[in-house]
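This note's numbering applies: residue 106 is where the sequence shown begins, and numbers increase by one. We put the beta carbon where it would ideally sit given N, CA and C, even for glycine. Report on one structure; see the data block that follows.
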Amino acid sequence: LVENNAKPIWHPMAHPAEMRGNPPKVIMKGEGAEVTDIEGRTVLDAVGGLWNVNLGYSCDPIKKAIADQLSALPYYSGFRGTSTGPSIELAYELTQWFEPEGMMRAFFTSGGSDSVETALRLSRQYWKIRGQADRTKFLALKKGYHGTHFGGASVNGNANFRRNYEPLLPGVFHTPAPWTYRNPFDETDPVRLAQLCARAIEEEIAFQCADTIAAFIMEPVLGAGGVIVPPETFMPLVREICDRHDILLIADEVVTAFGRTGAWSGSRLWGVKPDFMTIAKAITSGYFPLGATLISEKVADVFEADKTSFGAIGHGYTYSGHPVGCAAGIATLAETKRLKLNENAAARGAELAKALEDLKARHALVGDVRSKGLMAGIELVSDRATKKPADKKTMGKVADAAYEAGVMLRVSGNMIILSPPLVITAKDVARIAEGLDAGLRAAG
Ligand code: PMP
106 LVENNAKPIW
116 HPMAHPAEMR
126 GNPPKVIMKG
136 EGAEVTDIEG
146 RTVLDAVGGL
156 WNVNLGYSCD
166 PIKKAIADQL
176 SALPYYSGFR
186 GTSTGPSIEL
196 AYELTQWFEP
206 EGMMRAFFTS
216 GGSDSVETAL
226 RLSRQYWKIR
236 GQADRTKFLA
246 LKKGYHGTHF
256 GGASVNGNAN
266 FRRNYEPLLP
276 GVFHTPAPWT
286 YRNPFDETDP
296 VRLAQLCARA
306 IEEEIAFQCA
316 DTIAAFIMEP
326 VLGAGGVIVP
336 PETFMPLVRE
346 ICDRHDILLI
356 ADEVVTAFGR
366 TGAWSGSRLW
376 GVKPDFMTIA
386 KAITSGYFPL
396 GATLISEKVA
406 DVFEADKTSF
416 GAIGHGYTYS
426 GHPVGCAAGI
436 ATLAETKRLK
446 LNENAAARGA
456 ELAKALEDLK
466 ARHALVGDVR
476 SKGLMAGIEL
486 VSDRATKKPA
496 DKKTMGKVAD
506 AAYEAGVMLR
516 VSGNMIILSP
526 PLVITAKDVA
536 RIAEGLDAGL
546 RAAG
């Protein structure tokens, strides 16, 4: 297994030859917040799978729900004409869960990239139904991450995810992320920065002409782009701008939904009601691939009242509403609610934030630390004054030494990204801090 690891698998987001030289770890088992590799080493998974395993690796109610559904009905299509019990029940649960955000309907998908694709497509269709077929453009934030399909890659705000696949969707425009550590305005005050970023959006809208823009897409807390936590005034400002110009707002909540930030959604955290929400990942805690695009009343009403041929949705996936995925989702939501994972994310997140500040005070390599609940980013720099990003070798050393010390980290560029299961304890937070400390000492 170890030898073949990097040969037959073409690994995502990796150079194939590099993977052969430095094969990925082979994970064989998981329990609680820990995973065990093929050599028998058990480590705390500070990555939480990939932002998704909120309930950890031994959640029996989810496993049972999957097994029961597999026996009863392993699959039936959720296309027009048929539906299954679990998909109806989960859709109902989701509309209850996200009622404060104003979500009325759930369109099921197979994951986050699909959910984004669906939101982008339906937002264009919405305008066609309303007789404004010119509204086709999308606005997004630099540093935003929205998945790998052509639509999602087009609205991604990171060159690395775009440049090899161009030409992407035309008519997509990006404005600066509200990021105090690095921004084009050299502004460190969060309130002023939010205003400057909002003004940049206004300028772009004026330049593009509002009546050519379908939607604005953003993550309430930017994840893969480096855990950028916007000032609390920012997303409400975006909502206000979108309302004023009649632009739809898509909240990409693939990471932020279901408690990771300490709130049940990122939109709720900032007090915003979007027009679409895209969700995936923690909806099944990673136990089965599933996602959904949630649709607000305003959008649903337009589709329902439509008398043109545009109202029919020419869009769907073989696995839309997969009964096993939906059964996993129902069990996940029940456990998530029962364990009040939002509250644990907020409490453990506050401890983690304190530990990260402490590491920053002790290690010159740490340029900036950012977190909200249990999503956190540590930006490593070779020089604090110039903010020059730490090199690949340094990042590798940190991750390797942390692993030796019993903690799995995720490195992305010069960022260490943390998104542990939301079931972690105060002791686990201390373990993560110790692992980071060991990593930073080895590389410093
Ligand atoms: N949107 C966001 C905000 C994400 O973080 C991700 C995945 N990290 C996606 C979309 C894509 O999700 P998936 O990998 O499930 O397709």
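Option nearest residue i by Cα separation, candidates the options
i: A543; options: A506, F212, L514; result: A506
i: G472; options: P341, L479, M480, A495; result: A495
i: K248; options: M500, G331, L195; result: G331
i: V296; options: V277, A504, P335; result: P335
i: S476; options: E345, Y197, T361; result: T361
i: L354; options: F184, V404, T338, W369; result: V404
i: L479; options: I234, N447, L273, E144; result: N447
i: R467; options: P283, E307, R489, D150; result: R489
i: I322; options: P289, S372, L160; result: S372
i: A481; options: R229, E462, S192; result: E462
i: I352; options: S228, T499, K412, F184; result: S228
i: N269; options: S259, K169, F278, V277; result: S259
i: G430; options: Q174, I384, G207, A119; result: Q174
i: G256; options: W232, I234, A224; result: A224
i: N159; options: G501, D411, V377, R365; result: R365
i: L195; options: G518, V503, T530, H427; result: H427
i: A436; options: S390, A451, A417; result: S390
i: G454; options: S524, L470, S401, K112; result: S524
i: G262; options: I234, I333, K459; result: I333
i: A282; options: I193, R267, N265, P325; result: P325
i: T187; options: P272, K502, S425; result: S425
i: M520; options: I529, A504, A535; result: A504
i: M382; options: E358, E139, V534; result: E358
i: L457; options: A385, R443, R536; result: R536
i: L178; options: E144, S192, P113; result: S192
i: G252; options: E222, L298, P526; result: E222
i: D165; options: I132, A439, K532; result: A439
i: V107; options: P128, L246, A122, T141; result: P128
i: L395; options: D291, A538, T214, V148; result: T214
i: L545; options: T441, A172, I483; result: I483
i: C500; options: W375, L470, D380; result: One point to set straight first is that residue 500 is Met, not Cys, in the sequence displayed. Per the Cα distances, L470.
Beta-carbon proximity list for residue i, same chain, < 6 Å, skipping 5 on both sides
i: A510; result: G540, A543
i: S487; result: K493, A495
i: R515; result: V152, I522
i: A387; result: N157, N159, F363
i: F184; result: G421
i: T280; result: A305, I306, E309
i: V277; result: F243, S259, V260
i: S218; result: G252, T253, H254, G257
Cβ-heavy atom distance, residue i to the ligand PMP, below 7 Å
i: S487; result: no
i: W156; result: yes
i: T253; result: yes
i: E462; result: no
i: Y250; result: yes
i: V359; result: yes
i: D222; result: Going by the sequence as given, residue 222 is Glu instead of Asp. No, Cβ of E222 sits at least 7 Å from all heavy atoms of the ligand PMP.
i: A481; result: no
i: A305; result: no
i: G256; result: no
i: S218; result: yes
i: L385; result: Residue identity check: residue 385 is Ala in the sequence provided, not Leu. At least one heavy atom of the ligand PMP is nearer than 7 Å to the Cβ of A385, so yes.
i: F329; result: A quick correction: the sequence has Ala, not Phe, at residue 329. Yes; taking the cut-off as 7 Å, the Cβ of A329 has a heavy atom of the ligand PMP nearer than that.
i: E324; result: yes
Own chain, CB closer than 7 Å to residue i, minus 5 neighbours either side, in chain order
i: E136; result: Y162, S163
i: A211; result: A196, L199, T200, A397, L399
i: A319; result: S228, R229, W232, R240, T241, K242, F243, L353
i: G328; result: W156, Y250, V360, M480
i: G154; result: G391
i: A238; result: W232
i: D142; result: K130, V131, I132, M133
Any non-hydrogen atom of the ligand FMN within 7 Å of residue i CB
i: G262; result: The ligand FMN is not part of this structure, which contains only the ligand PMP.
Below-8 Å beta-carbon distance, residue i vs any chain C residue
i: V516; result: Considering every chain present, this structure includes no chain C. It has just one protein chain.
Residues of its chain near residue i, where Cβ-Cβ distance is below 8 Å and the 5 sequence neighbours each way are ignored
i: A303; result: F339, L342, V343, I346
i: E402; result: G207, M209
i: R267; result: A258, S259, N261, L273
Ignoring anything shorter than 4 residues or poking outside the stretch 378-461, list the alpha helix (DSSP H) runs there in chain order. 402-410, 428-443
Report the start-end ranges of each beta strand (DSSP E) in the stretch 247-302 that is 3 residues or longer and not cut off at the edges. Complete beta strand (DSSP E) runs here, min 3: 277-280.
Alpha helix (DSSP H) runs wholly inside the stretch 199-235, at least 4 long, in chain order: 217-234
Quick one: complete alpha helix (DSSP H) runs, 4+ long, within the stretch 453-530? 497-509
Hey, which unbroken runs of the beta strand (DSSP E) at 3 residues or more fall wholly within the stretch 132-159? If we require 3 residues or more, the beta strand (DSSP E) runs fully inside the stretch 132-159 come out as 132-136, 139-142, 147-150.
Give the list of continuous alpha helix (DSSP H) stretches no shorter than 4 residues that lie fully inside the stretch 158-201. 165-177
Can you give, in chain order, each stretch of the beta strand (DSSP E) that sits fully within the stretch 317-367 and has at least 3 residues? Fully enclosed beta strand (DSSP E) runs of 3 or longer: 318-323, 353-357.
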